[in-house]
Every structure is written in C-alpha cells, then in structure tokens.
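K.L.:
Structure in structure tokens, see below.
Protein chains: 2
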Amino acid sequence: MATDPLSVTFAALADPTRRAILKRLARGEASVTDLSEPFDMTMPAITKHLKVLQGAGLVERGRRAQWRPCRLRARPLKRATDWIAQYRRFWEESLDRLDAFLQDVQEKEKPKGARRHGQTKV
Amino acid sequence: MATDPLSVTFAALADPTRRAILKRLARGEASVTDLSEPFDMTMPAITKHLKVLQGAGLVERGRRAQWRPCRLRARPLKRATDWIAQYRRFWEESLDRLDAFLQDVQEKEKPKGARRHGQTKV
DNA sequence: CGCCTATTTTACCACAAGGTTAAATACGCA
DNA sequence: TGCGTATTTAACCTTGTGGTAAAATAGGCG
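From first to last, the protein sequence lines stand for chains X and V. Here the first sequence is numbered in the working numbering, starting from 111 and rising by one per residue. Here the second sequence is numbered in the working numbering, starting from 111 and rising by one per residue.
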C-alpha cells in the first residue's frame, strides 16, 4: 500500500466498518468493546481496524486501567476534503458532463482529415 | 474489498498514481499512453489503475480508432466529500482537541472512587 | 497472589492489489 | 492482406488486507 498521508487516509476510509467506527466516535469516546458491539466480528478484527485508523491519525487512544478508549481525531479528514475540493468545479453545474460533451463536439469538428469514414456515431 | 460505492470511491483515491491520473484528466481528455508517460510503470499497470477508476465511476472511456481516451467524471467525489463533511465541525476550531481535553477533565473530575491512585498524570 | 475483565499479539488463512512479461486484440492504412 | 500502433488480457509473483482462534498481556481487586 502507498504510505503517503493522503493515501493512508483514503485507505482508512475505504472500509464500511471503519467508517462506522468513526461515526460512533463522533458521538464521543468509546472502548474497544463498545465499538465492537454493533459488528458481527471478533475483537481482534476491531483492534486491527483501530490500528489502521490510528495509523491514519484518525483515532487517538487513551489508557484508563484496562480500557484503551478511542477518540476521534478529524484533522486528516480536512486534508482529504481539501484534496477533493480541487475537483469541485467538475461536479458543480455538471461540468464533467458538459466538458465531455464539448470535447466530443470539438472532436467531431476538428478538420483532421480521415474524419470522413471514422466512426461518426460515438 | 468492500463493494459499497463510498468504499469503492475512497479505495480508488487511496493510491498516488490514481490521484495523479485524475489530476492529469482534470486538464482534459487523455489516452492511456499519455497517462502512462509520467510514470515509471508499464502500460498494463496503468490499464489496471484505469479499471479501478472506472469501477469507481471516476473515469469514463471513449473510443476513437485504436485509442480509448479517458475523461474525468467527478460526481462520485461529491458523495465522498459529503460524507467527510459531517466531520467538519470536529476539525474546525480544533474541536477534536478541545473535545479530547474536555473529556479528560470530565474524567478526572468524575467522583468515580478509586480515582485517588489512578494514573493522574496522563 | 490469583482471578476477572479488557485488549492485544501471534500464528494462520483466503483472497485482493499492484506490479511484471508475453501474448492477444482492435483499428487504420498501404 | 498484412503491418504498425494503441491497448487489453492472461498468467504469474509478492505483498497487504480482513478475518479467525488461541494464547499473552495489562490492570483492578478480593
């Protein structure tokens, strides 16, 4: 797997269990047992997911007796969202479709020779 | 890998090569050869990355003679960003830190008994 | 100490990811 | 038809991921 921060963040988010864990943590701190409760999954599996989230800096662990409470750390999400933001113009006003359309038109009008018997239908 | 749309989108973004491809496509349509040029990677590898991007609906392929041009489709990014947006309040105003701090304080003040010799330092 | 609870570590497994090379396919064109 | 260019498919390899069960660790408490 790629190890740059953005890749690590996106990879952490690319799993429904982990996203659910984050959602749960948005409501406040929780223990591993708490977190595992909604899932049909053993604890070690949750521990692993937490490791991934920690690795992405999305979860911070505490230590209270034998509990190792988890809490949300959202900062990496900002970077993720900032990266995505550069594409905003492509979905606002259906610009991606529009752009595609314009490029098609442009393509068909280009006097490129050999255009006569190219597949005109696209 | 999980197959729900959000997971597929995030997984597609969790690779620097694929993000670079998207960035390139933001400047306009490109062929596979164009796309592979900046990378020290064989074409089949690029083809695979494109498959992943297509699977996530982030890239659309055309067909012009032996070229299969790629173009950006940004709509799935909106859903990704919308999902992340629900956590915005946690990073704005350092709310995640603040929250962590408050929970610590709260914890220390909780008259939970046995608090006397707990690790007070944290 | 010895037990109980919470959590992690240690193998282990099946399968997906990300690469490679070599062969196959798709089209345009002489 | 047959060659050349663009791209994909097939087969393979190595590593990572998501899960398991069983054993190890950590800490409070009688």
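Yeah, the Cβ is synthetic: ideal placement off N, Cα and C, and Gly gets one too. Bear in mind that the values here come from a model prediction, so they are computed numbers and not experimental data.
In the segment 121 to 204 of chain V, which residue ranges form an unbroken beta strand (DSSP E) of at least 3 residues, counting only runs that do not cross its ends?
P.N.:
169 to 171 and 180 to 182
K.L.:
Which bits of chain X does residue 157 of chain V rub up against, with CB to CB less than 9 Å?
P.N.:
Stepping through the second sequence from its first residue, residue 157 of chain V is reached at position 47. At a C-beta separation below 9 Å, residue 157 of chain V has no neighbours in chain X, since its nearest C-beta there lies roughly 19 Å away.
K.L.:
Report, in whole angstroms, the separation of the C-beta atoms of residue 182 of chain X and residue 123 of chain X, which I expect to be a contact under 8 Å.
P.N.:
Locating residue 182 of chain X in the first sequence gives position 72, where the first residue counts as 1. Locating residue 123 of chain X in the first sequence gives position 13, where the first residue counts as 1. About 13 Å separates the two Cβ atoms, so there is no contact after all.
K.L.:
With distances taken Cα to Cα, identify the nearest neighbour of residue 132 of chain X among X:170, X:111 and X:150.
P.N.:
Residue numbering aside, residue 132 of chain X sits at position 22 when the first sequence is read from its first letter. Nearest to residue 132 of chain X by C-alpha distance, out of X:170, X:111 and X:150, is X:170.
K.L.:
Suppose the cutoff is 7 Å on Cβ atoms and the five residues either side in sequence are ignored; what does the same chain contact list for residue 177 of chain V look like?
P.N.:
The residue given as residue 177 of chain V occupies position 67 in the second sequence. Cβ neighbours of residue 177 of chain V beyond the five flanking positions: 141.
K.L.:
Pick from V:128, V:112 and V:116: whose alpha carbon is nearest that of residue 116 of chain X?
P.N.:
The residue you call residue 116 of chain X lines up with position 6 of the first sequence. For residue 116 of chain X, the nearest C-alpha among the options comes from V:128.
K.L.:
Can a CB atom of chain V be found closer than 9 Å to the CB of residue 111 of chain X?
P.N.:
By one-based count along the first sequence, residue 111 of chain X stands at place 1. For residue 111 of chain X, the answer is yes, since a Cβ of chain V falls inside 9 Å of its Cβ.
K.L.:
For residue 162 of chain V, which residues of its own chain have a beta-carbon under 6 Å away from its beta-carbon, when the five flanking residues on both sides are left out?
P.N.:
The residue labelled residue 162 of chain V in the question sits at position 52 within the second sequence. Excluding residues within five positions, the ones whose Cβ falls inside 6 Å are 122.
K.L.:
Quick one: is residue 143 of chain X buried, meaning 16 or more other Cβ sit within 10 Å of its Cβ, or exposed?
P.N.:
Counting from one through the first sequence, the residue named residue 143 of chain X turns up at place 33. Exposed, by the Cβ-count rule.
K.L.:
Assuming residue 166 of chain V and residue 125 of chain X make a contact with CB atoms under 8 Å, what is their CB distance in whole Å?
P.N.:
As a first step, residue 166 of chain V must be located in the second sequence, where it is residue number 56. As a first step, residue 125 of chain X must be located in the first sequence, where it is residue number 15. Wrong, their Cβ atoms sit about 15 Å apart, outside the cutoff.
K.L.:
Would you kindly work out how many angstroms separate the C-alpha atoms of residue 231 of chain X and residue 139 of chain V, rounded to a whole number?
P.N.:
Indexing the first sequence from 1 puts residue 231 of chain X at position 121. Indexing the second sequence from 1 puts residue 139 of chain V at position 29. Note that residue 231 of chain X scores a pLDDT of 27, beneath 50, so its modelled location is shaky and nothing firm can be said.
K.L.:
Per DSSP, what kind of secondary structure is residue 119 of chain V in: helix, strand or coil?
P.N.:
As a first step, residue 119 of chain V is located in the second sequence; it is residue number 9 there, counting from the start. Reduced to three states, the DSSP call for residue 119 of chain V is helix.
K.L.:
How long is the line joining the alpha carbons of residue 180 of chain X and residue 194 of chain X, rounded to whole angstroms?
P.N.:
By one-based count along the first sequence, residue 180 of chain X stands at place 70. By one-based count along the first sequence, residue 194 of chain X stands at place 84. In a straight line, the C-alpha of residue 180 of chain X is about 27 Å away from that of residue 194 of chain X.
K.L.:
Name the chain V residues whose beta carbon is nearer than 7 Å to that of residue 194 of chain X?
P.N.:
Translated into the one-based positions of the first sequence, residue 194 of chain X becomes position 84. Per Cβ cutoff of 7 Å: 187, 190 and 191.
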